[in-house]
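Data first, discussion second: the structure below is written as structure tokens.
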Amino acid sequence: MTQHKVIAEDSLSAMDEISKVLGKDAVILKTKKINGKIEILGSNNIEDIASSNAKKIIKQKSNFSHLFSNHKLEHGIQNRKFNNILEEEKQNDNKHLKNVTETNVKNFNSEYIDVKTFSRFTHKIENLLRNMIISDFGDLYQSCHKSLTFELLKNGFSKNIISEFQEKIVYKDDIDPELLFYHYLAKKLVIPYEDKISNSEVIFVNGPSGSGKTTLCSKIASYILDNKLVANDKHKLSIVNFGPKSSNHSELINFGRLLNLNVSSISSTEDIVKFIDINKGHKKLIIDVSQEIINTSSFIQYLEKITLDKNCSNLIAIPASTNKNMIKSIMKFYKSAFPTIGLTKLDEANISAEELSVLGELNCKIGILSGSRSIIGSIAFAKREVLAQYMKDMSI
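Heads up, the final residue of the sequence shown is numbered 397 in the working numbering, and it's a clean run with no missing numbers.
Here's what the structure looks like:
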């Protein structure tokens, strides 16, 4: 049998049936709704699979996600199951919060612990536990938890991040617990960023030297031109090189020529403030900030102030190869300027589990995934499913 038709109450049940009959490599040829039910036509014919993959590749060339994985039917089924689990957890959390809110607190004033006393107590406990080594995970977790814990530790994830989601993992025959952990971590890390790019009048692109800031500026400009502006509105977008007069910004100028956009050059914080004020409400500005400018206190103070405005975005370019200590240093530097991370150079290197753990522990948010070898059509807004599958692929 090469094709199989299924009619079910919902698409998840239908795809489960297709997967059982035709195998996990099967592809969906047609989906339609009939009388409130879902009808799906699937196939495991090699020609149908090849044709479907070819269409996916053509479609994915317009975004960056094809660099991570080529999702098949089984990924779609798993993602739907994970969505259900995460949504159910959210509803349970809301229900718990409501119950807590409605709890009788009339005796609160007579039954409390002084904050200072509690703080001293917890500090003593932390000191006792700081250098403790747990040798028997069996005392803490069930055997299935223990196995997953060791596997994640072996892959490089930190104990803090593993323990944060350990008790949320469900163990069922049709659920991959390791991949579910990656979905939980990805959910914590990813932030919807497409609307932020669209609505921001000013987009600062910061980051260390060699992090891919200039390339990222050009990619964002290309995306805005292709998706948010019509041909006659190019004058509403401008790229700005914000660096010392001695700095070389020829690469940004070349990108500007490629995109048919003018590139302005500004060398002082006072001038960039005036430039932004003049263009406010008239132009969308993408500002490539050089390392020399980043090191000036006047700019950081201005950045922290202007990013209080919801129409201003601070994007930090961090290459995939950045080590955890550098990530800590960068995020500490920008912590008061509402930073969102753009992971760059993902086609040159992989970001490791150790670094992803640090990002999670610091409550960082990833908004953009980017490569470095192409300007047009090579930017993707971070999605939970893509990042989770990326982590899974790294562990293989």
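Ideal Cβ positions, reconstructed from N, Cα and C, are used throughout, including at glycine.
Remember, it's a predicted structure, so these values are computed and weren't measured experimentally.
Query: Rounded C-alpha distance that separates residue 18 from residue 367; Result: 35 Å
Query: Outcome for residue 118 when other beta-carbon atoms lying within 10 angstroms are tallied against a minimum of 16; Result: exposed
Query: Exposed unless 16 or more other CB atoms sit within 10 angstroms - verdict on residue 1; Result: Residue 1 is absent from the model: the chain starts at 2 and stops at 397.
Query: Buried or exposed by the 16-neighbour rule on C-beta atoms within 10 Å, applied to residue 37; Result: exposed
Query: For residue 365, three-class secondary structure by DSSP; Result: coil
Query: Unbroken beta strand (DSSP E) run spanning residue 289, endpoints; Result: 285-290
Query: Straight-line Cα distance separating residue 325 from residue 153; Result: 17 Å
Query: Three-state secondary structure assigned by DSSP to residue 123; Result: helix
Query: Separation of residue 198 from residue 346, as counted between CA atoms; Result: 20 Å
Query: One or two residues paired with residue 265 in a DSSP bridge; Result: 241
Query: Where residue 258 falls, given that 16 or more other Cβ within 10 Å makes a residue buried; Result: exposed
Query: Segment contact, 8 Å Cβ cut-off, at least three pairs: the region 306-317 with the region 231-242; Result: no
Query: For residue 341, three-class secondary structure by DSSP; Result: strand
Query: Option in 148, 174, 86 with minimal Cα separation from residue 163; Result: 148
Query: Cβ pair residue 180, residue 389 closer than 8 Å; Result: yes
Query: contact_flag[the region 280-298, the region 202-216] where n(CB pairs < 8 Å) is 3 or more; Result: yes
Query: Nearest candidate by alpha-carbon position, reference residue 321, set 275, 392, 302, 269; Result: 392
Query: Sequence ranges, beta strand (DSSP E) only - wholly within the region 201-237, length at least 3; Result: 203-207
Query: Neighbourhood of residue 15 by C-beta distance below 7 Å, restricted to the same chain and skipping five residues each side; Result: 7, 9, 39, 41
Query: Test item: CB-CB of residue 369 and residue 194 under 8 Å; Result: yes
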